[in-house]
Amino acid sequence: MPQHVAIIMDGNGRWANERGQARTFGHKAGGDNVTTITAECVRLGIKYLTLYTFSTENWNRPPEEVAALMDLIMEALEKDLFSKNNVRFRTIGDLARLPENVRQKALGLEQRTAGYTAMTVVIALSYSSRWEITEAVRQIVKEQPETITEETVSSHLATNFMPDPELLIRTGGELRLSNYLLWQAAYSELYFCDTYWPDFNEECLHKAIADYQRRQRRFGKTEAQVEAEGK
Numbered sequence: 001m002p003q004h005v006a007i008i009m010d011g012n013g014r015w016a017n018e019r020g021q022a023r024t025f026g027h028k029a030g031g032d033n034v035t036t037i038t039a040e041c042v043r044l045g046i047k048y049l050t051l052y053t054f055s056t057e058n059w060n061r062p063p064e065e066v067a068a069l070m071d072l073i074m075e076a077l078e079k080d081l082f083s084k085n086n087v088r089f090r091t092i093g094d095l096a097r098l099p100e101n102v103r104q105k106a107l108g109l110e111q112r113t114a115g116y117t118a119m120t121v122v123i124a125l126s127y128s129s130r131w132e133i134t135e136a137v138r139q140i141v142k143e144q145p146e147t148i149t150e151e152t153v154s155s156h157l158a159t160n161f162m163p164d165p166e167l168l169i170r171t172g173g174e175l176r177l178s179n180y181l182l183w184q185a186a187y188s189e190l191y192f193c194d195t196y197w198p199d200f201n202e203e204c205l206h207k208a209i210a211d212y213q214r215r216q217r218r219f220g221k222t223e224a225q226v227e228a229e230g231k
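As structure tokens, this is what we get:
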């Protein structure tokens, strides 16, 4: 079972369009689905679930859609999802760009759930991997360490409190990472599916995990080396 699953929750707008609804209708359905998938990840024993919720590029969307998304994020942060499932809440991203009420709500939820232990849900808000790596470089330059290693960079990333994802899922049929966890996903198993995020249910999650479990993770080694180490 992967300990860390990351998801690009794609397809909300297209899901709504196919039903003759506004894009915000799809975002609302997608937000509701977070509750379903989070509860199932807790049941399966997954320890970290990272969800690409709002990218830095999403600020370029129409203002009315951005405002609606912020309202939905506020609504999600007010749910009893975390206390009900003993789930810790964390955020990564450029929170300074968020509306003050959203930022304060997110930070407050982080504090209130700090002692929860079943799983950690990480919401990527106003996040992009290039932003994250740029910020890490700025911090490293200020500190001026004698040597810079991979561990140095990793320790300065926003995700330094958790392991890299073993499995990265993208719903909605697109085949790209869209500036998401580029450093952390170096050895992640990638799983793409055509299912829109609002329809990505527990069965879809099981299918993705089963696909992951069938793969051999070699990390540059030969199959014979991996098999020998497993004996």
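Residues 1 to 231 in this note's numbering are what the sequence shown spells out, letter by letter. Cβ coordinates follow ideal geometry from the N, Cα and C atoms, glycine included. This one's a predicted model, so the numbers in the text were calculated from it and none came from an experiment.
Residues near residue i by beta carbon distance below 7 Å, same chain, minus five either side
i	result
I46	M1, P2, Q3, V5, M119
A39	N85
N101	M74
L205	I37, E40
Burial state of residue i (16 or more Cβ within 10 Å)
i	result
V121	buried
N201	exposed
H156	buried
E166	buried
Q111	exposed
S83	exposed
L72	buried
P198	buried
W15	buried
G13	buried
T53	buried
K28	buried
E187	The amino acid occupying residue 187 in the given sequence is Tyr; Glu does not appear at that position. Exposed, by the Cβ-count rule.
G26	buried
Cutoff 6 Å; reference residue i; Cβ partners in own chain excluding five residues on either side
i	result
T50	A6, V122
R97	S126
S128	S55, T56, N179
P185	A small correction: the amino acid at residue 185 is Ala; Pro does not occupy that position in the sequence shown. Closer than 6 Å at the Cβ level, and outside the excluded window around A185, lie L168.
Sequence-distant residues of the same chain with beta carbon closer than 8 Å to residue i, five excluded per side
i	result
E78	K105
N160	S154
Y191	L167, L168, I169, R170, A208, D211, Y212
Residue interval of the beta strand (DSSP E) (run including residue i)
i	result
F82	Run containing F82: none in the beta strand (DSSP E); it sits in the alpha helix (DSSP H), 81-85.
E189	189-192
A185	Run containing A185: none; DSSP gives neither H nor E here.
A96	From DSSP, A96 is part of no beta strand (DSSP E); its letter is neither H nor E.
Between the CA atoms of residue j and residue i - distance to the nearest angstrom
i	j	result
A22	T171	20 Å
G11	L175	12 Å
I140	A210	39 Å
D164	A158	12 Å
T35	R138	36 Å
G31	R217	32 Å
Y196	Q144	45 Å
N33	M9	10 Å
M70	T149	37 Å
I92	A136	13 Å
E65	N17	14 Å
Y212	M162	20 Å
F89	L95	15 Å
C193	E146	44 Å
K142	R214	44 Å
R43	L181	25 Å
E189	E132	21 Å
T24	E203	25 Å
N- and C-terminal bounds of the alpha helix (DSSP H) containing residue i
i	result
A208	202-214
A76	63-77
Next on the checklist: I'd like the ranges of any beta strand (DSSP E) spanning at least 3 consecutive residues and lying wholly in the stretch 10-54.
Outcome noted: none
Item to check | Segments of 3+ residues assigned as beta strand (DSSP E) that fall wholly inside the stretch 105-173 | outcome: 119-127, 167-170
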